């Protein structure tokens, strides 16, 4: 496929990150399904898009959690998130 202005827009990346990072268009689709911040307790410090990118990086490369590059959120924050019945679950 040739790169045109139309196709290039579909594959533009937000940063010079990894090939597994979600595009702005993909994030716009996924973001409504991510959990909203809790009303009580400390405010969320970790960007959920970065956590999703970390999970996709591990899924696409097969690397171990402890080998996750340092430019992703801390492993503890990423590994506490899992899918359960089609819903994001935070914590254990």
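In my numbering, the protein residues as written are -13 to 78.
By construction, the Cβ of each residue, glycine as well, lies at the ideal position given by its N, Cα and C atoms.
None of these values were measured; they are calculated from a predicted model.
| Check | Outcome |
| --- | --- |
| Sequence-distant residues of its chain with Cβ nearer than 8 Å to residue 35 (five each side left out) | 8, 13, 17 |
| Whole-angstrom distance between residue 27 and residue -8, CA atom to CA atom | 44 Å |
| CA-to-CA distance, residue 37 to residue 79, given in whole angstroms | Since the first and last residues shown for the chain are -13 and 78, residue 79 lies out of range. |
| Buried versus exposed call for residue 45 [16 or more other C-beta atoms within 10 Å across all chains shown] | exposed |
| With 16 other Cβ atoms within 10 Å as the buried cut-off, status of residue 49 | exposed |
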